[in-house]
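Just so you know, we're using the working numbering here: the sequence shown kicks off at 1314 and counts up by one.
Since the structure comes first, as structure tokens, the remarks are kept for the end.
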Amino acid sequence: MSEQQRLEEAVDLILQQDPRAVAYPPKWREDGRVQYFYRRNSILVRTRDADRVEVSLRSILDQAQGDRRDQGNQGDQETDRPRSERSSVVSGVVKFEWSGNAVGTPGVLDLLDAEYGVGTATPVHGLSLSPNSGHPCPATDPAVVPSNSFGPVPPVSDGIRCGTHGWDGDGVVVGVVDGGLIDYAPGMWPWMAGVYGDRDNPLDGSNMIRPYAGHGTFVAGCVRTVAPRAEVYVRRAEEIAGLIYEDDVVRAMSDAIDGGADIIVCEFAGYSRLRLPMLSFGAFYDDVLRHLDIVVVAPAGNDTSRLPTYPAAYSWVVGVGALSANGNQRADFSNHGGWVDVYAPGEDLVNAFAIGDYNTIHDPKQRRHFDGIASWSGTSFSTPLVAGMIAARMSATGEDAPQAADVLLRFALSQAIPGVGPALLPHQVCGAVMKDG
1314 MSEQQRLEEA VDLILQQDPR AVAYPPKWRE DGRVQYFYRR NSILVRTRDA DRVEVSLRSI
1374 LDQAQGDRRD QGNQGDQETD RPRSERSSVV SGVVKFEWSG NAVGTPGVLD LLDAEYGVGT
1434 ATPVHGLSLS PNSGHPCPAT DPAVVPSNSF GPVPPVSDGI RCGTHGWDGD GVVVGVVDGG
1494 LIDYAPGMWP WMAGVYGDRD NPLDGSNMIR PYAGHGTFVA GCVRTVAPRA EVYVRRAEEI
1554 AGLIYEDDVV RAMSDAIDGG ADIIVCEFAG YSRLRLPMLS FGAFYDDVLR HLDIVVVAPA
1614 GNDTSRLPTY PAAYSWVVGV GALSANGNQR ADFSNHGGWV DVYAPGEDLV NAFAIGDYNT
1674 IHDPKQRRHF DGIASWSGTS FSTPLVAGMI AARMSATGED APQAADVLLR FALSQAIPGV
1734 GPALLPHQVC GAVMKDG
């Protein structure tokens, strides 16, 4: 299958399953790339701008509807009037939605940009579990490991680092925002014992493992290999074919905070209109996160691109890229650039997965059988290793999450790989390991 065919197959799956989803630009097939996804007939604005934007939005829709009537399309005037909805999750942001086809989101935003300035109103962006090549696909398909006796990669830490015990995450809570947890995994693998969360049903209607199923389980297992005594729970963010909207991600992150998380692993990432920050995340930080000693870590994405993805590109998020299997260079799929804070192993990791048969997305097209464990690659899996390192350090030093993250990031900078950037390996949790250690 060509890259173009793969792109069309992945995007069409989203558009068919979610009637709200739109890929931009409209000519993405011709371009061979999706710049970003957004929710149809919806915009976000800051609460302080809501009243004036609503007046303008009504005028825009009335004008568009009038033009349609002039062209002989009668329609229903009331159905195109906007209705505002204040999110119960994102304080400080209002979402406007409207029905009908008089004018779409890009047209509305262009007019509001001209009136109020770029960024006053934004789309409700779509984010993916694994952004790659302008569409949501993992860096690789999960691969079969030799046998069930094959342990996780990296191996489970013994909690001894720098000559002392306690580097194991004990007492630290890590909340994973992903697709949920396969319920039999904690009882199947010793390093997963005690992991809990919202259920992920891995099978589709034909009893095949769904695309993206097992992702949250694999991520939770990666945390546990580095911080084997951390409390890890997986909050399910409702995605369709791997896609979710920014306000829904923030809602799941808020739930993770309510669950007592010291560290949030946000496994969704996406590109934005005009490369501007996403309003939901910015408001969430301003009103909630900046007042708390919580660290958010997020994947940079698997697009081999320098373009920033969100939330990873925010200064208050630890954005994680992937190192190759040997740890000496950037993985060929990893996004990169100055906005990526640290690189960690992300190639050929092994951890808990689903049981069943799976049809690969990438070439070669194959049916693979899994017995609850898999090898997988992507920045999605580098990210929980960094989260586990922060948790392991917290349990040993008594530092809070921002303090532990700061020490590790400064250490990563001290051993930056030329041409790549700051790098961390899972055994370096104490931040005092020699470069050749």
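Beta carbons: idealized from backbone N, C-alpha and C, even for Gly.
These figures come from a predicted structure and were not determined experimentally.
- [ ] Identify, in the order they occur along the chain, each residue of the same chain with its Cβ nearer than 7 Å to the Cβ of P1731, setting aside the five sequence neighbours on each side.
- [x] Residue 1731 sits at position 418 when you count from the first residue of the sequence shown. So the list is empty, once near-sequence residues are dropped.
Task: Close beta carbons around D1362, own chain, < 8 Å, minus the five adjacent residues each side - done: Within the sequence shown, the letter at position 49 stands for residue 1362. Excluding residues within five positions, the ones whose Cβ falls inside 8 Å are Y1429, T1433, A1434.
Open item on the list: Bridge partners for P1658 per DSSP, in chain order?
Closed with: By one-based count along the sequence shown, residue 1658 stands at place 345. Note: P1658 sits in a beta bridge opposite L1636.
Task: Test item: CB-CB of G1479 and A1709 under 8 Å - done: Numbered from 1 along the sequence shown, position 166 holds the residue referred to as residue 1479. Numbered from 1 along the sequence shown, position 396 holds the residue referred to as residue 1709. In this structure, A1709 lies closer than 8 Å to G1479 by Cβ.
Open item on the list: Does M1702 come out as helix, strand or coil in the three-state DSSP assignment?
Closed with: If you number the sequence shown from 1, residue 1702 lands on position 389. Reduced to three states, the DSSP call for M1702 is helix.
TODO: Compute the distance between the beta-carbons of P1658 and V1532, then report whether it is under 8 Å.
DONE: Locating residue 1658 in the sequence shown gives position 345, where the first residue counts as 1. Locating residue 1532 in the sequence shown gives position 219, where the first residue counts as 1. Contact flag unset, no.
Task: Segment contact, 8 Å Cβ cut-off, at least three pairs: the stretch 1732-1742 with the stretch 1566-1575 - done: no
TODO: Output the distance between the C-alpha atoms of R1619 and R1588, rounded to the nearest integer angstrom.
DONE: On the sequence shown, residue 1619 is found 306 positions in, with the first residue counted as 1. On the sequence shown, residue 1588 is found 275 positions in, with the first residue counted as 1. Between R1619 and R1588, the C-alpha separation is close to 11 Å.
Open item on the list: When you compare the stretch 1609-1629 with the stretch 1645-1660, are there three or more beta-carbon pairs, one atom per stretch, that lie closer than 8 Å?
Closed with: yes
TODO: Work out the CA separation of A1540 and S1701 for me, nearest whole Å.
DONE: Indexing the sequence shown from 1 puts residue 1701 at position 388. Indexing the sequence shown from 1 puts residue 1540 at position 227. Here the sequence assigns Gly to residue 1701, which means Ser is not the residue at that position. Between G1701 and A1540, the C-alpha separation is close to 5 Å.
Open item on the list: At 4 residues or longer, what runs of the alpha helix (DSSP H) sit wholly inside the stretch 1492-1547?
Closed with: 1498-1501, 1528-1539
Open item on the list: Short of 6 Å in beta carbon distance, which residues of its chain neighbour Y1558, apart from the five on each side in sequence? Order them along the chain.
Closed with: The residue labelled residue 1558 in the question sits at position 245 within the sequence shown. Only R1352, V1437, G1439 meet the Cβ criterion.
Task: F1350, DSSP secondary structure in three states - done: Numbered from 1 along the sequence shown, position 37 holds the residue referred to as residue 1350. Residue state, collapsed to three classes: strand.
Task: Whole-Å CB distance - L1442 paired with H1528, under 8 Å assumed - done: On the sequence shown, residue 1442 is found 129 positions in, with the first residue counted as 1. On the sequence shown, residue 1528 is found 215 positions in, with the first residue counted as 1. About 6 Å separates the two Cβ atoms, so the contact holds.
TODO: In angstroms with no decimal places, state the Cα-to-Cα distance between I1473 and H1740.
DONE: As a position in the sequence shown, residue 1473 is number 160, starting the count at 1. As a position in the sequence shown, residue 1740 is number 427, starting the count at 1. Computed Cα separation, rounded: 9 Å.
Open item on the list: Going by DSSP in three states, A1665 sits in which element: helix, strand or coil?
Closed with: As a position in the sequence shown, residue 1665 is number 352, starting the count at 1. The answer is strand: DSSP assigns A1665 an E or B state.
- [ ] State whether the stretch 1462-1470 contacts the stretch 1538-1554, with contact taken as three or more CB pairs (one from each stretch) at a distance under 8 Å.
- [x] Yes, since at least three Cβ pairs between the stretch 1462-1470 and the stretch 1538-1554 fall closer than 8 Å, the two stretches touch.
Open item on the list: Between the alpha carbons of G1417 and Y1525, how many angstroms are there, rounded?
Closed with: Taking the sequence shown and counting its residues from 1, one reaches residue 1417 at position 104. Taking the sequence shown and counting its residues from 1, one reaches residue 1525 at position 212. In a straight line, the C-alpha of G1417 is about 30 Å away from that of Y1525.
TODO: Would you kindly report the start and end of the unbroken beta strand (DSSP E) that includes T1418?
DONE: For the purposes of this step, residue 1418 is identified with residue 105 of the sequence shown, where counting begins at 1. Run containing T1418: none in the beta strand (DSSP E); it sits in the alpha helix (DSSP H), 1418-1429.
TODO: Can you tell me which of the three DSSP states M1747 falls into?
DONE: Taking the sequence shown and counting its residues from 1, the one referred to as residue 1747 is at position 434. Unreliable positioning characterises M1747 in this predicted model, as indicated by a pLDDT of 41, which lies under 50. The coordinate reading is nonetheless provided below. Coil.
Open item on the list: Quick check for students: name the residue ranges of the beta strand (DSSP E) that lie wholly in the stretch 1668-1735, counting only runs of 3 or more.
Closed with: 1680-1689
Task: Residue range of the beta strand (DSSP E) that includes G1439 - done: Sequence index remark: in the sequence shown, residue 1439 carries index 126 (1-based). Unbroken beta strand (DSSP E) run through G1439: 1434-1441.
Task: G1632 versus T1617, I1570, A1638, T1622, residue with shortest Cα-Cα distance - done: Along the sequence shown, read from residue 1 onward, the residue named residue 1632 stands at position 319. The residue with the shortest Cα to Cα distance from G1632 is T1622.
- [ ] Whole angstroms is fine: what's the gap from T1477's alpha carbon to R1723's?
- [x] Walking along the sequence shown from the start, residue 1477 turns up at place 164. Walking along the sequence shown from the start, residue 1723 turns up at place 410. The alpha-carbon atoms of T1477 and R1723 are separated by roughly 21 Å.
TODO: Give me the Cβ distance between R1586 and V1489, rounded to the nearest whole Å; I'm assuming they're in contact under 8 Å.
DONE: Within the sequence shown, the letter at position 273 stands for residue 1586. Within the sequence shown, the letter at position 176 stands for residue 1489. Wrong, their Cβ atoms sit about 28 Å apart, outside the cutoff.
Open item on the list: Taking the alpha-carbon of E1321 as reference, which of G1744, H1675, T1692 has the nearest alpha-carbon?
Closed with: Position 8 of the sequence shown, counted from the start, is the residue given in the question as residue 1321. It is H1675 whose Cα lies nearest to the Cα of E1321.
- [ ] Taking P1515 and A1687 to be in contact with their CB atoms under 8 Å, please state how far apart those CB atoms are, rounded to whole angstroms.
- [x] For the purposes of this step, residue 1515 is taken as residue 202 along the sequence shown, with counting starting at 1. For the purposes of this step, residue 1687 is taken as residue 374 along the sequence shown, with counting starting at 1. That belief does not hold up - the Cβ atoms of P1515 and A1687 are roughly 11 Å apart, past 8 Å.
Task: Close Cβ partners of D1483 (< 6 Å) along its chain, the five nearest in sequence each way excluded - done: In the sequence shown, counting from the first residue as 1, residue 1483 sits at position 170. Excluding sequence neighbours, D1483 sits near R1542, S1708.
Open item on the list: Just to confirm before moving on: does the CB-CB distance between A1763 and S1412 stay below 8 Å?
Closed with: The displayed coordinates of the chain run from 1314 to 1750. Any statement about residue 1763 would go beyond what the structure contains.
Open item on the list: By alpha-carbon positions, which one of I1522, N1520, A1550, S1519 ends up nearest to D1511?
Closed with: Looking up residue 1511 in the sequence shown gives position 198. Ranking the options by Cα distance to D1511, first place goes to A1550.
Open item on the list: Rounding to the nearest angstrom, what Cα-Cα distance links F1350 and I1356 in this structure?
Closed with: The residue given as residue 1350 occupies position 37 in the sequence shown. The residue given as residue 1356 occupies position 43 in the sequence shown. In this model, F1350 and I1356 are separated by some 13 Å (Cα to Cα).
TODO: Out of L1326, T1453, M1566, W1502, state which residue places its alpha-carbon closest to the alpha-carbon of V1601.
DONE: As a position in the sequence shown, residue 1601 is number 288, starting the count at 1. Closest by alpha carbon: M1566.
- [ ] Report back the beta-carbon spacing between A1704 and V1487 to the nearest angstrom; my notes put them in contact at under 8 Å.
- [x] Reading the sequence shown from its first residue, position 391 is the one you call residue 1704. Reading the sequence shown from its first residue, position 174 is the one you call residue 1487. 6 Å between Cβ atoms; contact.
- [ ] Alpha carbon to alpha carbon, how far is Q1348 from W1504? Give it in angstroms, no decimals.
- [x] Position 191 of the sequence shown holds residue 1504. Position 35 of the sequence shown holds residue 1348. Looking at the backbone, the Cα of W1504 and that of Q1348 are separated by about 39 Å.
Task: Buried versus exposed call for L1726 [16 or more other C-beta atoms within 10 Å across all chains shown] - done: Counting from one through the sequence shown, the residue named residue 1726 turns up at place 413. Exposed, by the Cβ-count rule.
- [ ] Return the residue from the list A1718, H1682, E1712, A1644 that minimises the CA-CA distance to V1458.
- [x] Along the sequence shown, one-based indexing puts residue 1458 at 145. It is H1682.
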